[in-house]
Amino acid sequence: MPTIIWVRGWRVFFYANEGHEPIHVHARKGDTECKFWLLMDIYDVEEAWSYRLTPALRREIRRIIFDHFDYIVDEWNRFFGVSGDEDN
């Protein structure tokens, strides 16, 4: 489970065996966990699922993902060996 960033108590990561899926991240803070797809074509994120994610925590993690969007994409591509010219 490569960790991409730690921000405000959030651990943002992905699982090493998920390279066949589109770019996404998992995030965990305390007993809260969620997964968000990164929609590169429209520069947006979409919640895939969540556990104990309050509206305030949802806003917080979405902001963190947006603030680090390009870095997350770069780390995903680096880890899974995707060149920058390919679509995800």
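Following the working numbering, the residues of the sequence shown are numbered contiguously, the last one being 125.
Where is the CB? At the ideal position from N, CA and C, for every residue including glycine.
No experiment lies behind these values; they were computed from the predicted model shown.
Going by DSSP in three states, residue i sits in which element: helix, strand or coil?
i, result
"ILE60", "coil"
"ARG45", "coil"
"ARG89", "coil"
"VAL119", "coil"
Name the one or two DSSP bridge partners that residue i has.
i, result
"GLU84", "PHE73"
"PHE50", "THR40, HIS63"
Nearest to residue i by CA position, among the options, is which residue?
i, options, result
"VAL119", "THR69, PRO59, GLU97, GLU70", "PRO59"
"THR40", "ARG65, ARG96, GLY56", "ARG65"
"GLY46", "ALA53, ASP68, ASN54", "ASP68"
"CYS71", "HIS105, ASP111, ARG115, ARG95", "ARG95"
Output the distance between the C-alpha atoms of residue i and residue j, rounded to the nearest integer angstrom.
i, j, result
"ILE42", "TRP113", "12 Å"
Return the Cβ separation of residue i and residue j in integer angstroms, given the expectation that the two are a contact with Cβ distance under 8 Å.
i, j, result
"VAL82", "PHE50", "15 Å between Cβ atoms; not a contact."
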